[in-house]
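Those protein sequence lines, which keep their order, are chains D and U.
Quick note: the first sequence uses our numbering, first residue 1, plus one each step.
Quick note: the second sequence uses our numbering, first residue 656, plus one each step.
Read the structure below first, then the notes.
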Amino acid sequence: MGRLFIQMTRGKKKLFAAMALMVMGGLLLLPIFLSVTAVASGGGAPAGGPPADVVAAQKEGAEGEEKKVEMGRDVYYKTEGPAIGMPAPITADNETFYPRYNFESRVLLWVANQQHLYYGSFVLAVPIFCMCIEFAGMVSKDKAMAKKYDQLAYDFIKISLTAYSLTAILGGILIFTFLTLYPAFFGYLSGIFRPVMHIYALMFVAESGTLYIYYYGWDKMREGVMKWVHLSMSVILNVIGTVLMFLANSWIGFMMSPAGVDEQGRYLGNIWHVLHTALWNPLNVHRILGNMAFGGGVVAAYAAYRFLSSKTDEERAHYDWMGYIAMSLGVAFLIPLPFAGYWLMREVYAYRQQMGITLMGGLLAWLFIIQATMIGILFLTTNYYLWQALGRMTGGERFQKYIKYLVFILVCGLLVFITPHTIVMTPAELKAMGGQQHPVLGNYGVMSAKNGGINAIIMTTILSFIWYQRGNRVPTVSWAKFGNIFMGCFFVIGQLNNIWLACYGYFIPANVRIGLSVPQVAGTLSCLLLMTPLNLAMLKGARPLGPIQWGKIAPRSQYALIMLATAFTWMMGLMGYIRSSVRLFWHVNEVMRDNSPWAYTHTIGFAANVISFNVLFFWISIMFVFWLGTLGAKKVPVPSTAGQPVPSPQPATGH
Amino acid sequence: MTWLKLVEGYMPMQMISELAICILVFSIINYSLKKAGMGLPKFWAGIFVWAFVNLFYLKYRIYPPIPFSVRAIYGTVSACGIFMWVSGSQPEWEEFKRPIINVLDAKTGFTKALRMALLILLPIGLWGFAYNSFLPSFDEPIELRTVHPAPPATTKVHGKTYVLQTAANPYRINPEGKYDQAYSNAHIVDQSMGRLMKDVKSAEDNPWDPNAKGYIKHVREGGEIFFQNCHFCHGDNLNGRGLWAFAFNPIPANFTDAGTIAQLQETFVFWRVAKGGIGLPGEGFPWASVMPPWEQHLSVDEIWKVIMFEYWHTGYYPRTWE
Chain D
1 MGRLFIQMTR
11 GKKKLFAAMA
21 LMVMGGLLLL
31 PIFLSVTAVA
41 SGGGAPAGGP
51 PADVVAAQKE
61 GAEGEEKKVE
71 MGRDVYYKTE
81 GPAIGMPAPI
91 TADNETFYPR
101 YNFESRVLLW
111 VANQQHLYYG
121 SFVLAVPIFC
131 MCIEFAGMVS
141 KDKAMAKKYD
151 QLAYDFIKIS
161 LTAYSLTAIL
171 GGILIFTFLT
181 LYPAFFGYLS
191 GIFRPVMHIY
201 ALMFVAESGT
211 LYIYYYGWDK
221 MREGVMKWVH
231 LSMSVILNVI
241 GTVLMFLANS
251 WIGFMMSPAG
261 VDEQGRYLGN
271 IWHVLHTALW
281 NPLNVHRILG
291 NMAFGGGVVA
301 AYAAYRFLSS
311 KTDEERAHYD
321 WMGYIAMSLG
331 VAFLIPLPFA
341 GYWLMREVYA
351 YRQQMGITLM
361 GGLLAWLFII
371 QATMIGILFL
381 TTNYYLWQAL
391 GRMTGGERFQ
401 KYIKYLVFIL
411 VCGLLVFITP
421 HTIVMTPAEL
431 KAMGGQQHPV
441 LGNYGVMSAK
451 NGGINAIIMT
461 TILSFIWYQR
471 GNRVPTVSWA
481 KFGNIFMGCF
491 FVIGQLNNIW
501 LACYGYFIPA
511 NVRIGLSVPQ
521 VAGTLSCLLL
531 MTPLNLAMLK
541 GARPLGPIQW
551 GKIAPRSQYA
561 LIMLATAFTW
571 MMGLMGYIRS
581 SVRLFWHVNE
591 VMRDNSPWAY
601 THTIGFAANV
611 ISFNVLFFWI
621 SIMFVFWLGT
631 LGAKKVPVPS
641 TAGQPVPSPQ
651 PATGH
Chain U
656 MTWLKLVEGY
666 MPMQMISELA
676 ICILVFSIIN
686 YSLKKAGMGL
696 PKFWAGIFVW
706 AFVNLFYLKY
716 RIYPPIPFSV
726 RAIYGTVSAC
736 GIFMWVSGSQ
746 PEWEEFKRPI
756 INVLDAKTGF
766 TKALRMALLI
776 LLPIGLWGFA
786 YNSFLPSFDE
796 PIELRTVHPA
806 PPATTKVHGK
816 TYVLQTAANP
826 YRINPEGKYD
836 QAYSNAHIVD
846 QSMGRLMKDV
856 KSAEDNPWDP
866 NAKGYIKHVR
876 EGGEIFFQNC
886 HFCHGDNLNG
896 RGLWAFAFNP
906 IPANFTDAGT
916 IAQLQETFVF
926 WRVAKGGIGL
936 PGEGFPWASV
946 MPPWEQHLSV
956 DEIWKVIMFE
966 YWHTGYYPRT
976 WE
């Protein structure tokens, strides 16, 4: 009877805790729902319009007179609407519009923005990883594995917590930079986005609340139904985080491809048009994937740093495993990233041809060559890591002897991918070449060849992954031989199809050529989506050749992880610069002109230096964050016999 | 190595295939030597492959010569590739670095001498490199030229404004007199030299047929305009090697290259022809084009016709977005 009472009390406690959490979550989300409802119903002062008291005074003054509302035409949607906002300010190069220090304001803003973005991306990506890993731990039938996954998810969120505070601080710095250096522009932008900015701020509050409960409630909610509640909180956390990012994206979308305003920049009363600009959705998709890849890279670098500084085999084993998981997650999102980028560029071309040409064929084209180089580095490094990882498995050496062939494909693909269309050369070289385009290499400079190059690289990376999965296992299914032949043929045909289409692209019209990317991508995705499950099916009940010796990996692999993360960071800085500078001399494209003395495009060298500075600054600061993370979890070193095989990573001590 | 021809139309794949064959042959030779107990050490194999590709193949096999900037890119990437190969597995990495470690450890007389030589020669080499880089250079500076700057949204020619995103060539028409790019695409003859009288199956395809009308007649008219005005610079074969071409630096655009008109919308070409080098936007720095603004010499109709001829002759199709 007593036991039953205790059980009931425990049950009630759980129920009460769950209800309390739900109420808390509801309260956190309440302001957002209220704001959304208000915006949806057109309530509140119209964005960009005069304050309420002015409106009231105008009403009084106009008593008896018929109210005249000027109509405006949406620059993008071409719909008519009441021009209730103020026109975009026509600025001039003076202290009123552009207050300044004795330094280039644009660079200050650039650095503030980039740092905020780095941290923002990181803290948005990591909770998504946590959610996936925590879920994997919960559904895992293996208790030891479940515990490992849970510990890993906790390690991830612990890193992001300090970074979260820094994100908020950097956001504040960014706003102050805008207000003090670009008051006219920021005033106009906040006039248009006034309700959205309020929702954004409220969502930030909700995000913080959810994150803190999620983190600090980890131990309290580790069993039974409460664990599911905990996991649900991570879902809420990520939904809020994603919406936050979408809202921030709408501002840059508006600056690149404005909508919802007329030619003078007057707000026309439809907030959805302002949000839903031509480039908003492609930017959203591209950024989600980019953030995830970036987040994976940073966590992998953290694990590599901890691995290299580990004193015991247990620690090395744990951080080796952590690095592997983070790298896998990052690369999983890296693979579709070029396709999302392709969609974004397609939409850019559809929106404004000039913008597309400036990006890909004109002024900024050389930056895309640098981007291609960075993408190549990412994939090559990933492959290199996987080959090194084969070394910690008994049986992995079966595949290592074929590495040289993969290297050849990767290098050829990369060389084609990064060959510039407009070659840098001295006038003497130009004369010797007999024209601007090289008759052999010029063909590598156009899209058809480049699509072939990158698809060859991605397919090879998928093959490396499959080899890694097979590293220490031999398929024993009855159809293993057939499966191997089928898989081999599939990859060969995939590569041949890719090369053939890359060549064929030269003989057909450009619009049809663009369409060729679909079968090329389809070939690559087929390799990913059909061959990986096939491989897993073949590995069911496979004969193990030995355990994975976590921690027994060459340190080179960890430097590869650090390089992967650095390349992600550099590329993100580069692409942010490209996206922003494509507006050329516009604050808001074709609506609000930039009349500051810095309305010119930087030289490639200068831009590369600022990007490098941003990368360096981010890594120095994130090292500080990593160090802070270690302060709270100092453990007594466990003596260990050197060289002893480590069967599996041990979870760290309590949270 | 110009005696070994690069076959026009297949050159890019030929280059990759030749490299693949060379690497395969090296692998087979090295494998055979290994079987015979005389395998080339990994260190030297890596250096040999890099040197072969960069110092021999790309420098002497490919012609015209590849600019240094591209060879530098290729050299760096292939060095990374070779590093990935030699350090792909721990035993291979050990094998690769053994000669380096041997020299650094210097346990024999030879390695001691080699280490000493390196200690002396490396700083001298670096000094020489630094000295060279400080020497004054009298070469013309390198300019990052934007060959195809972004066009404006609209352009005004002979008093009429054209929206480049939506304008169309009025002579690209089918027999019904309607704009039809598919029709004109179908009547472009085979893309090879001497195409003018080759593969012409009917009057519909033959610009020299006295009964030619519609699209193909306008192509002929465009050709007449081209040979009266443009071929002096852009050449008989539209390859940018006309009589006067080599008086200019850079030489005029080569329309037969896949990277010029084949990449552009017809309206882009219309804008460039009409406005010439002097009408290049700021983005077109350093404005290295002496092409006259043809709107001062040709009518709008003539410009459209000559553009159509250029596409017809090269066998390319103007870029479209849909």
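Idealized CB from N, CA, C, for every residue including glycine.
Keep in mind that this is a model prediction, so the values were computed, not measured.
Quiz item: Should Arg392(D) and Ile553(D) be called a contact, given that it needs their Cβ atoms to be closer than 8 angstroms?
Solution: By one-based count along the first sequence, residue 392(D) stands at place 392. By one-based count along the first sequence, residue 553(D) stands at place 553. Yes, Cβ-Cβ distance for Arg392(D) and Ile553(D) is below 8 angstroms.
Practice problem: Using only alpha-carbon positions, find the residue among Asp142(D), His116(D), Val610(D), Gly541(D) that is nearest to Thr177(D). | Solution: On the first sequence, residue 177(D) is found 177 positions in, with the first residue counted as 1. Of the listed residues, the one whose Cα sits closest to Thr177(D) is His116(D).
Quiz item: Among Ile958(U), Asn685(U), Asn824(U), Asp891(U), which has the Cα closest to the Cα of Pro948(U)?
Solution: As a position in the second sequence, residue 948(U) is number 293, starting the count at 1. Residue Ile958(U) is the option with its Cα nearest to Pro948(U).
Quiz item: Would you report the Cα separation of Phe294(D) and Phe156(D), rounded to the nearest angstrom?
Solution: In the first sequence, counting from the first residue as 1, residue 294(D) sits at position 294. In the first sequence, counting from the first residue as 1, residue 156(D) sits at position 156. Roughly 14 angstroms between the two C-alpha positions.
Practice problem: State the Cα-Cα distance for the pair Met327(D) and Asn291(D), rounded to the nearest angstrom. | Solution: Position 327 of the first sequence, counted from the start, is the residue given in the question as residue 327(D). Position 291 of the first sequence, counted from the start, is the residue given in the question as residue 291(D). Looking at the two C-alpha atoms, the distance is approximately 13 angstroms.
Exercise. Please name the residue, chosen from Lys697(U), Glu965(U), Pro667(U), that lies closest to Phe681(U) on a Cα-to-Cα basis.
Key: Here residue 681(U) is taken as the residue at index 26 of the second sequence, counted from 1. Measuring from the Cα of Phe681(U), the nearest candidate turns out to be Lys697(U).
Self-check item: Within-8 angstroms CB hit, Gly269(D) to chain U
Solution: As a working mapping, residue 269(D) is identified with position 269 in the first sequence. Not one chain U Cβ lies under 8 angstroms of Gly269(D).
Practice problem: Name, in chain order, the residues that DSSP records as bridge partners for Lys118(D). | Solution: Position 118 of the first sequence, counting from 1, holds the residue named residue 118(D). Before going further, note that residue 118(D) is Tyr rather than Lys in the sequence given. The partner list for Tyr118(D) (beta bridge, DSSP) is empty, contrary to what the question assumes.
Quiz item: For Tyr385(D), which residues does DSSP report across the bridge?
Solution: The count along the first sequence starts at 1 and reaches residue 385(D) at position 385. Paired residue(s): none; Tyr385(D) is not in a bridge.
Quiz item: Just how far apart, CA to CA, sit Gln436(D) and Ala900(U)?
Solution: Position 436 of the first sequence holds residue 436(D). Position 245 of the second sequence holds residue 900(U). Spanning the two alpha carbons is a distance of roughly 13 angstroms.
Exercise. Please say whether Ile236(D) and Met203(D) have beta carbons closer to each other than 8 angstroms?
Key: Looking up residue 203(D) in the first sequence gives position 203. Looking up residue 236(D) in the first sequence gives position 236. Not closer than 8 angstroms, so no.
Self-check item: CB of Ala822(U) within 8 angstroms of CB of Thr969(U), strictly
Solution: The residue labelled residue 822(U) in the question sits at position 167 within the second sequence. The residue labelled residue 969(U) in the question sits at position 314 within the second sequence. Contact flag unset, no.
Quiz item: With DSSP run on the structure shown, which of helix, strand or coil describes Glu80(D)?
Solution: Numbered from its first residue, the first sequence carries residue 80(D) at position 80. In the structure shown, Glu80(D) sits in a strand (DSSP, three-state: E or B).
Quiz prompt | Distance between Ala304(D) and Ala163(D) (C-alpha atoms, nearest Å) | solution = Along the first sequence, one-based indexing puts residue 163(D) at 163. Along the first sequence, one-based indexing puts residue 304(D) at 304. Each residue's alpha carbon lies about 18 angstroms from the other.
Quiz item: How do the stretch 582-600 of chain D and the stretch 414-426 of chain D stand: do at least 3 beta-carbon pairs fall below 8 angstroms, yes or no?
Solution: no
Quiz prompt | Any C-beta of chain U under 8 angstroms from that of Gly471(D) | solution = If you number the first sequence from 1, residue 471(D) lands on position 471. Not one chain U Cβ lies under 8 angstroms of Gly471(D).
Quiz item: For Pro597(D), is the classification buried or exposed, using 16 other Cβ atoms within 10 angstroms of its Cβ as the cut-off for buried?
Solution: Here residue 597(D) refers to the residue found at position 597 of the first sequence. Burial call: exposed.
Quiz prompt | Per-residue DSSP class, three states only, for Pro183(D) | solution = Start at 1 with the first residue of the first sequence, and residue 183(D) comes out as number 183. Note: Pro183(D) maps to helix in three-state DSSP.
Practice problem: Pull up the CB-CB distance for Asn614(D) and Gly573(D), whole angstroms please, since I reckon it's below 8 angstroms. | Solution: Walking along the first sequence from the start, residue 614(D) turns up at place 614. Walking along the first sequence from the start, residue 573(D) turns up at place 573. About 5 angstroms; that satisfies the 8 angstroms criterion.
Quiz item: Can you give the Cα-Cα distance for Gly931(U) and Ser944(U), rounded to whole angstroms?
Solution: In the second sequence, the residue the question calls residue 931(U) occupies position 276. In the second sequence, the residue the question calls residue 944(U) occupies position 289. Taking the straight line joining both Cα atoms gives about 8 angstroms.
Practice problem: For Leu819(U), go through chain D and note every residue whose CB falls closer than 9 angstroms to its CB, in chain order. | Solution: To locate residue 819(U), count along the second sequence from 1; it is residue 164. Here the neighbours are Gln353, Gln354.
Exercise. Whole angstroms is fine: what's the gap from Pro46(D)'s alpha carbon to Val274(D)'s?
Key: Within the first sequence, numbered from 1, the residue matching residue 46(D) stands at position 46. Within the first sequence, numbered from 1, the residue matching residue 274(D) stands at position 274. Residue confidence is low: Pro46(D) scores 41 on pLDDT, short of 50, so the model does not pin down where it sits. No coordinate-derived value is stated.
Practice problem: Using only alpha-carbon positions, find the residue among Trp387(D), Gln353(D), Leu170(D), Gly434(D) that is nearest to Arg896(U). | Solution: In the second sequence, residue 896(U) corresponds to position 241, counting from 1. Out of Trp387(D), Gln353(D), Leu170(D), Gly434(D), Gly434(D) has the C-alpha closest to the C-alpha of Arg896(U).
Exercise. State the Cα-Cα distance for the pair Val196(D) and Leu247(D), rounded to the nearest angstrom.
Key: Position 196 of the first sequence, counting from 1, holds the residue named residue 196(D). Position 247 of the first sequence, counting from 1, holds the residue named residue 247(D). Going by the C-alpha atoms only, they are around 7 angstroms apart.
Self-check item: Within-8 angstroms CB hit, Glu801(U) to chain D
Solution: Residue mapping note: residue 801(U) aligns to position 146 of the second sequence, counting from 1. In the sequence as displayed, the identity of residue 801(U) is Thr instead of Glu. Yes, Thr801(U) lies at the interface with chain D (some Cβ there is under 8 angstroms from its Cβ).
Self-check item: Reduced DSSP category for Gly72(D) - H, G, I as helix; E, B as strand; rest coil
Solution: For the purposes of this step, residue 72(D) is taken as the residue at position 72 of the first sequence. Gly72(D) falls in the strand class under three-state DSSP.
Exercise. Rounded to whole angstroms, what's the CA-CA distance from Phe618(D) to Ala785(U)? Just pull it up for me.
Key: Sequence index remark: in the first sequence, residue 618(D) carries index 618 (1-based). Sequence index remark: in the second sequence, residue 785(U) carries index 130 (1-based). In a straight line, the C-alpha of Phe618(D) is about 33 angstroms away from that of Ala785(U).
Practice problem: Could you have a look at His886(U) and say whether DSSP puts it in helix, strand or coil? | Solution: Working through the second sequence from its first residue, we reach residue 886(U) at position 231. Helix, per DSSP.
Quiz prompt | Near-chain D residues of the stretch 742-753 of chain U - C-beta to any C-beta below 7 angstroms | solution = Ser742, Gly743, Ser744, Gln745
Self-check item: Candidates Ile499(D), Ile199(D), Asp142(D): closest to Ser672(U) by CA position
Solution: The residue given as residue 672(U) occupies position 17 in the second sequence. Here the closest residue by C-alpha is Ile499(D).
Self-check item: Three-state secondary structure (DSSP) of Ala372(D)
Solution: Along the first sequence, read from residue 1 onward, the residue named residue 372(D) stands at position 372. Residue state, collapsed to three classes: helix.
Quiz item: Can you give the Cα-Cα distance for Phe254(D) and Pro282(D), rounded to whole angstroms?
Solution: Taking the first sequence and counting its residues from 1, one reaches residue 254(D) at position 254. Taking the first sequence and counting its residues from 1, one reaches residue 282(D) at position 282. Answer to the nearest angstrom: the Cα atoms are 13 angstroms apart.
Quiz item: Should Arg311(D) be labelled buried (16 or more other beta-carbon atoms within 10 Å of its own) or exposed?
Solution: Residue numbering aside, residue 311(D) sits at position 311 when the first sequence is read from its first letter. The sequence as given places Lys at residue 311(D); Arg does not occur at that position. The residue is exposed, with fewer than 16 neighbouring Cβ atoms inside 10 Å.
Exercise. Keeping to the same chain, check which residues put their C-beta closer than 7 angstroms to that of Leu152(D); ignore five residues upstream and five downstream.
Key: If you number the first sequence from 1, residue 152(D) lands on position 152. Closer than 7 angstroms at Cβ, skipping near neighbours: Ile133, Met322, Ile325.
Practice problem: Determine which residues of the stretch 438-468 of chain D have a Cβ less than 9 angstroms from any Cβ of chain U, and write them out in chain order. | Solution: His438, Pro439, Val440, Leu441, Gly442, Asn443, Tyr444, Gly445, Val446, Met447, Ser448, Ala449
Quiz item: Does the beta carbon of Gly849(U) sit closer than 8 angstroms to a beta carbon anywhere in chain D?
Solution: As a position in the second sequence, residue 849(U) is number 194, starting the count at 1. Low local confidence applies: a pLDDT of 44 at Gly849(U) is under 50, so the model's placement there is unreliable, with the coordinate-based value given in what follows. Not an interface residue.
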